[in-house]
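As structure tokens, the structure follows; a few thoughts come after it.
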Ligand code: AHG
Ligand code: MN
Ligand code: MN
Ligand code: MN
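Residue numbers (the working numbering): -18 to 318.
What follows is the structure, given as structure tokens:
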């Protein structure tokens, strides 16, 4: 097999004149290196003393796992000194983290979910890391970066990606010109290009939703899922399979591989129509990847990447996957409102 490493792939992309300036290329390499370190840490499991909870809550109101904090610190340490960032923000940190004065300040903003699916850690199932890169506003170069600088709609992301720590460790990347997949060769310690062009296959009838929340959903979502469950004898005239991994990256990886749809809808326990998932750390980066792979990503009213964020930790309903199936689901939401 002719092996193309991540470094070579990125340099060749840059030479081809794609929208990948050297500073962004280096930033992506640093994030990918941090994901390697997270992968090795997760793999040690009980032997590394990394399992279990810390007995404290994060800003999301969730009990933090040890690995949430370890992975957050790995990403922070790896990215702080490189000179390409102006500031970072994370699901696990209440406030933004401006680059300290001892390091040069760059023009990018890095937003990340250090461990996605952290309830899977202790039961040895897939977890991941999600990241999104934005450009700091030009006028921010002469002053301190603020939270408001981060509040940009997802369509302004210049890159997004995720790593999955599963049976294999894989990295999926986009910088707005398609979606590329890499597999970690653990012996060499190198990311190798294994999926040069990822597109979502059409026609696979599989949905992912946490069914235990069914009674709380809006009528349109109830109706959509009920018709999927009705199978061949129902109005969709089609049997559907169901999967729910508890880790959004793993569900997205499955959709990129074999198609289908993922829903984490708003439900009645959150009367302001917010969902559970975070716009900046989860919905925007995964929405960009799904769109770049030919799919669609919406909340229950419109395109996720067009939402103007109002706060860093904002939550949002998420429906994403195969474009035709997302459009079908959207018809139900419009009718059920
Ligand atoms: P995180 O571990 O970063 O807090 O994210 C978990 C998210 C997402 O990955 C997953 O799809 C969803 O929460 C699972 O929620 P349920 O526990 O309601 O199934
Ligand atoms: Mn969390
Ligand atoms: Mn997450
Ligand atoms: Mn997380």
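We put the CB at the ideal spot given by N, CA and C, even for glycine. Treat the numbers as computed from the prediction; the structure is a model and nothing was measured.
Check your understanding: Excluding the five sequence neighbours on either side, which residues of its own chain have a C-beta within less than 7 Å of the C-beta of residue 215, listed in chain order?
Key -> 208
Within the present structure, is the beta-carbon of residue 130 separated from the nearest heavy atom of ligand 1 by less than 7 Å?
no
**Asked** By DSSP, does residue 204 sit in helix, in strand, or in coil?
**Response** helix
task: Taking residue 3 as part of the alpha helix (DSSP H), name the residues at either end of that continuous run.
output: 3 to 25
- Query: Where does residue 287 fall in DSSP's three states?
  - Reply: helix
Can you tell me whether residue 235 is helix, strand or coil according to DSSP? helix
For residue 96, is the beta carbon positioned less than 7 Å from some heavy atom of ligand 4?
yes
- prompt: If we count the other Cβ atoms within 10 Å of its Cβ and call it buried at 16 or more, is residue -16 buried or exposed?
  reply: exposed
TODO: Would you kindly work out how many angstroms separate the C-alpha atoms of residue 65 and residue 305, rounded to a whole number?
DONE: 38 Å
Just checking residue 43 against ligand 2 - is the residue's beta carbon closer than 7 Å to any of the ligand's heavy atoms? yes
Distance CB(residue 163)-CB(residue 151) smaller than 8 Å: yes
### Message
On a Cα-Cα basis, can you pick out the residue from 112, 103, 63 and 101 that is closest to residue 72?
### Response
112
_Quick check: is any heavy atom of ligand 1 less than 7 Å from the C-beta of residue 63?_
no
Pull the bridge partners of residue 222 from the DSSP assignment, please. 187
Counting along the chain, where does the alpha helix (DSSP H) carrying residue 266 start and finish? 265 to 273
_Is any non-hydrogen atom of ligand 1 found closer than 7 Å to the C-beta of residue 229, if you look at the structure I gave you?_
yes
Following a CB-centred definition, is residue -7 positioned closer than 7 Å to any heavy atom of ligand 2? no
Proximity below 8 Å, CB of residue 110 to CB of residue 19: yes
Quick check on residue 315: buried or exposed, where buried means 16 or more other Cβ atoms within 10 Å of its Cβ? exposed
Check: Anyone know if the C-beta pair for residue 139 and residue 116 falls short of 8 Å?
Finding: yes
Review point. Should residue 223 go down as buried or exposed, given a rule of 16 or more other Cβ atoms within 10 Å for buried?
Key: exposed
* Could you tell me whether the region 129 to 148 touches the region 227 to 246, where touching means 3 or more Cβ pairs closer than 8 Å? => yes
- May I ask whether a heavy atom of ligand 3 can be found less than 7 Å away from the beta carbon of residue 73? no
- [ ] Confirm the yes/no value for this check: CB of residue 99, any heavy atom of ligand 2, distance under 7 Å.
- [x] yes
Practice item. Flag residue 49 as yes when its Cβ comes closer than 7 Å to any non-hydrogen atom of ligand 4, and as no otherwise. Key: yes
- Task: Tell me where the beta strand (DSSP E) around residue 48 begins and ends.
- Result: That residue, residue 48, is in no beta strand (DSSP E); its alpha helix (DSSP H) goes 47 to 61.
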